[in-house]
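J.:
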Amino acid sequence: MLHGCRINRSNALAAGAALVAVSFLCERTGLGNAGIPRLREVPVGAWSEYRSITGDLRFRIVIAVVAREHGTQAIETTVQDESVPNAPIVVTRNVLGINAVVGDKSIAGAVQVDDNIPMTLPPEEKPSPNTL
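Take the sequence shown: its position 68, counted from the start at 1, is 868 in our numbering, and no numbers get skipped.
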């Protein structure tokens, strides 16, 4: 549990929808090669909003390229569960290398639930071949 936010089916669906939305953001701006978007070509400040509806679950997802500096770029994903009154708003920030494409590992990251203090995420690790 993170500050009262449990990982459950709706949170997992929101995370999956956010990943799909990043890809759509890059497609919408006409970027990418062979289906692999080059994030460095998406302008800083570009954002896209999506709605994901599955049964009774309704999510609002906003993906934005918020910074590009010192050889890195930052993408923020805001997810709000609109099917639950007063549900927390979760914002994640992923910092990627300047030449990263969708699917590359983050260099650094953070997650913030509502107005709580942001929590730093550990660097992503390549999964063991045995867990794939």
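Note that beta-carbon positions come from the ideal geometry of N, C-alpha and C, so glycine has one too.
State buried or exposed for asparagine 899, treating a residue as buried only when at least 16 other CB atoms are found within 10 Å of its CB.
T.: Asparagine 899 is exposed by the Cβ-count criterion.
J.: Looking at the secondary structure, which residues open and close the beta strand (DSSP E) in which isoleucine 863 lies?
T.: 857–869 is the span of the beta strand (DSSP E), which, as asked, contains isoleucine 863.
J.: Where isoleucine 917 and valine 891 are concerned, what is the direct C-alpha to C-alpha distance, given to the nearest angstrom?
T.: About 11 Å.
J.: Based on Cα-Cα distance, which residue from Gly897, Phe859, Ala874 and Ile863 lies nearest to aspartate 881?
T.: For aspartate 881, the nearest C-alpha among the options comes from Phe859.
J.: Sort out for me which residues DSSP pairs serine 852 with in a bridge.
T.: Serine 852 pairs with Phe859.
J.: Name the two residues that bound the continuous beta strand (DSSP E) containing isoleucine 875.
T.: Here the beta strand (DSSP E) through isoleucine 875 covers 872–881.
J.: Would you mind sorting glycine 909 into buried or exposed? The rule is 16 or more other CB atoms within 10 Å of its CB.
T.: With 16 or more other Cβ atoms within 10 Å, it is buried.
J.: Among the residues of its own chain, which have a CB less than 8 Å from the CB of serine 906, if the five just before and after it don't count?
T.: Asn894, Val895, Leu896, Leu921, Pro923 and Glu924, listed in sequence order.
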